[in-house]
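So the sequences go chain by chain: L, R and Y. Using the numbering used here, the letters of the first sequence map in sequence onto residues 54 to 631. Using the numbering used here, the letters of the second sequence map in sequence onto residues 20 to 296. Using the numbering used here, the letters of the third sequence map in sequence onto residues -7 to 312. Here is the structure we will look at.
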Amino acid sequence: MTLLSVKDLRVGFGQDPAKNEIVKGVSFDLEAGETLAIVGESGSGKSVTALSINRLVDFGGGRIIGGSIHLTRADGSVLDVTQASEPVLEKIRGAEIGMIFQEPMTSLNPVLSIGTQIEESFRLHRGLTGRQATAAAKDALDRVRIPDAARRLRYAPNQLSGGMLQRVMIATALACNPRLLIADEPTTALDVTVQAQIMALLAELKRETGMGMIFITHDIGLVAGIADRVMVMQAGQAVEQGALDAVLDRPQHSYTKHLLSAVPHFESGRAARTDFKRKQGEAPALSVDGLTVRFKVKNGLFSRAQGAVHAVENVGFDLMPGETLAIVGESGSGKSTTARAILGLVKPTRGRFVTHKGSISDATDPATQMVFQNPYASLNPRLRIDSILAEPVIAAGGKVTNETREKMKALLQRVGLPEDSLERYPHQFSGGQRQRLCIARALMLNPSIVVLDEAVSALDVSVQAKVLELLVDLQKEFGLAYLFVSHDMAVVERIAHRIAVVYAGEIVEIGEAASVLSNPQHSYTKRLISAVPSIDRRNQRFEIDTRQVASLVRPPAYEPPEARWRDYGADHRARAEA
Amino acid sequence: MLRAIFSHPSGRIGGAIVLLYVVIALLGLFDLTPHDPLQQYRIDRLKAPSAVYWMGTDLFGRDVASRLMKGVGQSFLVGISAVAIASVAGTVLGLTAAWFGKLWDGLVMRVMDVLLAFPAILLALLIIAIAGPGTWTSVAAIAIVYTPIFTRVVRGPALSIKSREFVDAARTFGSSKTYILTRHLLLNLVAPLTVQVTLALAWSLLTEAGLSFLGLGTQPPASSLGLMLADSRNLMEKAPWLLIFPAIAIMISILGFNLLGDALRDILDPKTRSRTA
Amino acid sequence: MNYLTRRLLTFPLVMLGVSILVFFAIRMIPGDAITAMLGTEAGLLTPAQRAALSEYFGIDQPILIQYWKWLLGVFQSDLGISVTHGKPVLSIILERFPLTLQLAIMAMVVALAVGLPAGVFAATRKERPSDLGVRIFAMIGQSTPNFVVGLLLIYALSAGFGILPTMGEFTPFSVDPLRNLSQMILPAVTLGFAFAASVTRISRSAMLDVLSDDYVRTARSKGVPKRRVIWRHALPNALIPVVTLSGVEFGYLLGGAVLVEQIYALPGLGRLVLEAILQRDYALVQGCVLFIAFNFLVVNLLVDLLYVALDPRIRLGEGG
């Protein structure tokens, strides 16, 4: 039975929607109990398509200007959603179509308790009140495997982690057993191991309830685990759709092929770089020893420190000229703090950095430069590009001469930007171009080490690939040493020679990239790698795991026990676990 | 920028009003008025508006239109000087408080809290009590009243810009404090400051009128809108033009700056840009 | 650190700053205190009488000791004696305060009763003629000084209906509530006018912000009807800026509305300060200003308590 049939859907925005079409004639069918994944990059119209199905698009300034959306309702009647009135739509939303969103942190009302928000669905669509509604809400939380549900009902959203909140969202959306669930990038804002949990939960609930699902994502690797059929969107059009295996194994459209080939996919170490060998006796470009960063925790204005957040604990590694060391970990693991401490943006509690020039203690060393995560925030919007590129030169006490300008032009050309960029402002560039600008700026002083903090994470997947390529080329050309901080295993696999896995502030495993990725030894590394979505792993099941990340707050004067390391090859070692 | 203001509906109206007032104020300040604002035409006392006296005359036979122009000039002089002082002082305090943090931030912000604990007009009254009434005391009083507001308006965004990645980047290059404070922080604060200056001009006109109304601002025989309103109180039934024209003049001048400020906020702040298209 | 604890800790600090400012500001007024008190008669004093008076008022001592003594007095609710009234400052203030309090409450009721619905209404009809109408009203309201509103109201009533709103001696609410209200309604509307305009503007823009928040979309995706989305989901979140603004405005109104009290000849706190300043009654000025700042800070603290009730994020210690 066809649950949903979309025909030639057109959606526009703004004063004159016909002139500003975002979705340009999309058609697809969804059978009951089937999962359709809609894949596309930002601006492809995938979210707008999804929001049109329950007409939420109206509230975002969009208007359906053509086509039909036929929904088979629970009583068997068929309704054209595009023609439905608002009261009818209110009956359908929540009851027959549930929806979950990208940002669980902002998608729940901060001033209402979680219980109130789940109960609301039962009150609206099932007419439950009082105890009955509370009991139903508790059952809904149980269903998404939230432990201690009765107590959590009274929590405010800010008391729960992102992963937990997304479960609450799922519980709310599924409260009235809708026949269709729309999931709009539900895991994009979450850590990879949490993402794996949510994906597993969705797959299980789908089996339990027999609901149909539309799953929207930019990550084609993610669809393999959940979708029955795939639709690829580009610039408002569906360029390809078909069964999961057909699309992934025999893509027809060039854009699908591009997504599958040009975009980094995790290949368990098989795609790791092999273009670098350490030479005997060579001095490292950077050597970090015993780096520790702790932030004191105080409870009152005058009270003494009650402990410290051990953000980075006894981290050490060597980085050779021309080599890339990737530091991977999830949010809160201390990977960015490590990078920031090396650049002097965070004051280390202990530890030593040695470059080939000797010991360094602060940021003003022109040999070390940094590229930041967010290309929109790392360039001053009010400065012209020539001023931006001149800043490191001025800071190092130099003058902006003709020679400097020549160097700017050469670098811009090298990173693939037009020469007239110098007279422009940051807002005139796309995200990928801005990141190229940041790279050019970092190279102005001929550094030997570049720290890249999540440098491609904010970019669209196909842009990511090109920036990574550029980074590899520049590394070879200038013999740069990269410290590449990232949460994304697929990206890391393309650029790293060596990998250090950090968990709760400590390195748990370090070594040659291919070896670490193909043969992980520490339990956390294993968990991390198995959570990475991959087109190779279809319909793989995950264990449901509700463990919370360990707290990093320690009592005052706490010192962690000495790490014991075990070797697993010439350049691969992991911490021994208790 | 000008084009943006004039393509914004309230910017167009606000901009036109402000422009008109600037012209009136300049004419008033340089005594280019239809009559001498101090000249008492004894035979023409309390005359209704006519071709000779556009807005009538007052109890002493002085031309209301000329006095109004002079008053607008006076109000603008006080308002603009006060806002100029307050915005510079507030910017320096807010910027340094945000950048240096810790003790200096605590000290500056507590002092501002103290100043903000008084209603604006009361604080101004207190300052005038100390320094005695007069034009330049009003300037000082209004400047002190509005300095805390500028300090807060600068400190908030300065704190958020300070944690932006381009400032981190500047610190990794080792850029000097002066460079970071001026090129990175101040340059990005120009937008909120412009908006705030415009709105503060509206408030300071309001405060100046209030002080003069109480007899503590501009002193007679010099003319100011507040004084004219105070003079009209006992005559409003007999000579309503004495009330109506200055009242409307004050309202529209404040309205102009408010409209312009709103428009600037829309234009300069991308977050609200879509809201009042 | 907890948001409320931090606020409670800064309260005495700011209050101390206020007392220092008030005390030393008053002493910066040119001329000596005795001349200020006695006016021209001071010229007739012999040096011995002058010294005796100085000793009596304690102004022969070093200024820091004077401050300390004054502060000790303040803690025992002794704000000194007013020279012009010949009564303790505190009792004069407490005589005048009920009127000011009543006026502030009435003005706030007017402002919230008009401003909040108007702002919410305009936000839900964004860009439509009714929204434009509300915004024009709010813009004009915000651009008209209180005393101009008052003067125009008086003129309109007297010219249009022959009513003179300034009706004789002020009658306290406890004596004759009806007569009191008939005297207070115009001042309250006068003060409420600009206040309502600010409430309208801020509730409209807060509502617009909130209506585009993710959780409002979530509520809609659950099929929550429009009215419930606005009143149950959006409004509680939009209230915080409205509460902030109303709290600050109310706190300032408790300091007396000098201009409006002057126009309507109401014996409130504002006029008391003005008279005290004009008559150079420094003990009274000092006492009033301290009292007003204290009220303002207390109101702000109450507003903070209200935030805590409104928003669990603040209650649970994330208040930035």
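Note that beta-carbon positions come from the ideal geometry of N, C-alpha and C, so glycine has one too. Model, not experiment: these values are computed from the prediction.
Go ahead and pull the three-state DSSP assignment for residue i.
i	result
serine 58 of chain L	strand
aspartate 303 of chain Y	coil
valine 316 of chain L	coil
proline 137 of chain Y	coil
valine 75 of chain Y	coil
alanine 416 of chain L	Annotation note: pLDDT 45 at alanine 416 of chain L (below 50); position unreliable, no value reported.
lysine 77 of chain L	strand
proline 68 of chain R	coil
alanine 629 of chain L	coil
phenylalanine 406 of chain L	strand
leucine 231 of chain Y	helix
proline 231 of chain L	coil
histidine 540 of chain L	coil
glutamate 565 of chain L	strand
asparagine 367 of chain L	strand
glycine 151 of chain L	strand
alanine 282 of chain R	helix
Chain L beta carbons: is any one of them nearer than 9 Å to that of residue i?
i	result
alanine 268 of chain R	no
aspartate 303 of chain Y	yes
histidine 77 of chain Y	no
aspartate 63 of chain R	no
serine 26 of chain R	no
aspartate 205 of chain Y	yes
aspartate 187 of chain R	yes
threonine 226 of chain R	no
glycine 215 of chain Y	yes
Closer than 9 Å, CB to CB, is residue i near chain R or not?
i	result
valine 202 of chain Y	no
threonine 421 of chain L	yes
methionine 98 of chain Y	no
leucine 36 of chain Y	no
alanine 430 of chain L	yes
Using a Cβ-Cβ cut-off of 9 Å, state whether residue i counts as contacting chain Y.
i	result
arginine 174 of chain R	no
glycine 216 of chain L	no
valine 164 of chain L	yes
isoleucine 223 of chain L	no
methionine 247 of chain R	no
leucine 177 of chain L	yes
Below 8 Å on the Cβ atoms is my contact criterion, and I expect residue i with residue j to pass it. Report the Cβ-Cβ distance as a whole number of Å.
i	j	result
glycine 278 of chain L	alanine 299 of chain L	Actually they do not touch by this definition, with Cβ atoms about 17 Å apart.
glycine 243 of chain Y	valine 130 of chain R	Their Cβ separation, rounded to whole angstroms, is 19 Å, which puts glycine 243 of chain Y and valine 130 of chain R out of contact at 8 Å.
arginine 179 of chain L	leucine 142 of chain L	About 18 Å separates the two Cβ atoms, so there is no contact after all.
glycine 369 of chain L	aspartate 342 of chain L	5 Å
proline 231 of chain L	valine 544 of chain L	The pair is not a contact, with the Cβ atoms about 36 Å apart (cut-off 8 Å).
lysine 181 of chain R	tryptophan 260 of chain R	At roughly 54 Å, the Cβ-Cβ gap does not stay under 8 Å, so lysine 181 of chain R and tryptophan 260 of chain R are not in contact.
lysine 66 of chain R	glycine 75 of chain R	5 Å
Kindly list the residues whose CB is nearer than 7 Å to the CB of residue i, restricted to its own chain and excluding five residues on each side of it in sequence; keep chain order.
i	result
leucine 237 of chain Y	Ser190, Val191 and Ile194
isoleucine 269 of chain L	Ile91, Lys99, Ser100, Ala103, Ala236, Asp237 and Glu238
leucine 104 of chain Y	Val191 and Ser238
tryptophan 62 of chain Y	Phe15
glycine 469 of chain L	Arg489 and Leu523
Ordered along the chain, which non-local residues of its own chain (more than five positions away) have a Cβ less than 8 Å from that of residue i?
i	result
glycine 98 of chain R	Ile161, Leu220, Ser223, Leu224 and Glu227
serine 501 of chain L	Ala338, Pro374, Thr408, His409, Ala420, Thr421, Gly532, Leu533 and Ala534
arginine 212 of chain Y	Val221
Within the same chain, show all residues whose beta-carbon is closer than 6 Å to that of residue i, passing over the 5 residues directly before and after it, in chain order.
i	result
leucine 275 of chain L	Pro586
valine 22 of chain L	This structure cannot settle anything about residue 22 of chain L, because the visible part of chain L is limited to 54 through 631.
Worksheet entry | Secondary structure, beta strand (DSSP E): runs of 3+ residues fully inside the region 83 to 122 of chain L | 88 to 92
Fill in: Those runs of the alpha helix (DSSP H) which lie wholly inside the region 53 to 131 of chain R and span at least 4 residues
83 to 119
Discussion item. Which complete alpha helix (DSSP H) runs does the region 219 to 274 of chain R hold, if anything under 4 residues is left out?
Written reply: 244 to 251
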